[in-house]
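Residue numbers for the sequence shown follow my numbering, so the first one is 418 and each next one is one higher. Glycine included, each C-beta is placed from N, C-alpha and C at the ideal position. I have placed the structure first, in the form of structure tokens, so that the comments after it can refer back to it.
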Amino acid sequence: MHTIRFTVNGHVEQATVPATMTLLDLLRDRLALTGTKEGCGIGECGACTVLLNGNPITSCLMLAVEADGSDIETIEGEAIGGELSVLQQAFIDEGATQCGFCTPGMIMSARGLLNRIPDPSHEEIIEAIAGNLCRCTGYEAIISAIQLAAARLSQDIGSRDAQEGRAR
418 MHTIRFTVNG HVEQATVPAT MTLLDLLRDR LALTGTKEGC GIGECGACTV
468 LLNGNPITSC LMLAVEADGS DIETIEGEAI GGELSVLQQA FIDEGATQCG
518 FCTPGMIMSA RGLLNRIPDP SHEEIIEAIA GNLCRCTGYE AIISAIQLAA
568 ARLSQDIGSR DAQEGRAR
């Protein structure tokens with residue numbers, strides 16, 4: 418057994434885990450963060466995508482002990498104070514949820530992209546979600562949702578900058 422410390426959605430956690438436990442199992446079974454889904458269990462579907470130190474990873478392929486000292490963000494960390502994030506709202510507005518099973522992983526992959534590239538191109542969006550499978554939407558609604566979120570976030574930053582400029 419190994420004792421690890423890490424941060425999940427801004428909260429410092431500690432867990433004693435066997436060497437063979439995946440990060441996905443730690444999140445779902447020990448921390449009750451069930452928004453992260455288990456799809457294939459072999460890293461091919463992206464349903465288990467979380468951010469590790471800001472980068473999207475498939476949590477079914479990572480051992481929990483490898484996350485020691487890391488900063489992890491799950492889908493539960495997207496909504497602050499129970500209010501949907503701009504990205505989550507864009508998925509709803511564009512009808513990009515359908516059955517919803519892939520949505521948490523898609524949103525986490527999109528979050529990783531938008532954190533790195535605030536105004537991604539169509540090709541950059543496709544590349545960012547290439548590891549996430551969706552059997553319902555055909556991807557166009559998902560791509561549109563990410564584009565909409567990027568535009569809204571850009572406008573929000575502009576609005577905030579303008580407000581701060583007036584306050585000075």
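The ligand SAH heavy atom lying under 6 angstroms from the CB of residue i
i	result
Ile-509	With respect to small molecules bound, the structure shown includes none, and the ligand SAH cannot be examined in it.
Assigned exposure category for residue i - 16 Cβ within 10 Å defines buried
i	result
Asn-549	buried
Cys-519	buried
Glu-490	buried
Arg-552	exposed
Gln-580	Note on Gln-580: pLDDT 44, under 50, position unreliable in the model; no value is reported.
Ala-464	buried
Ala-449	exposed
Pro-521	buried
Gly-494	buried
Ile-534	exposed
Within 7 angstroms, strictly: CB atoms of residue i and residue j
i	j	result
Gly-456	Cys-462	yes
Ala-484	Leu-504	no
Gly-452	Ile-497	no
Met-525	Thr-433	no
Cys-482	Ile-421	Correcting the residue identity first, residue 482 is Val in this sequence and not Cys. Yes.
Phe-508	Ala-562	yes
Leu-469	Ser-487	yes
Leu-570	Glu-511	no
DSSP three-state assignment for residue i, whether helix, strand or coil
i	result
Ala-436	coil
Gln-431	strand
Leu-448	coil
Leu-478	coil
Glu-461	coil
Met-490	With the sequence shown as reference, residue 490 is identified as Glu, and Met is not the correct amino acid for it. If DSSP states are grouped into helix, strand and coil, Glu-490 belongs with the strands.
Glu-500	strand
Same chain, Cβ closer than 7 angstroms to residue i, neighbours up to 5 away in sequence not counted
i	result
Thr-554	Ala-513 and Gln-515
Residues near residue i in its chain [Cβ-Cβ closer than 6 angstroms; skip 5 each side]
i	result
Leu-530	Pro-537 and Ala-545
Ile-560	Ile-542
Cβ shell of residue i (< 8 angstroms), same chain only, five flanking positions each side left out
i	result
Ile-459	Cys-477 and Leu-478
What ranges does the alpha helix (DSSP H) occupy inside the region 518-558, keeping only unbroken runs of at least 4 residues that lie completely in it?
520-533 and 539-545
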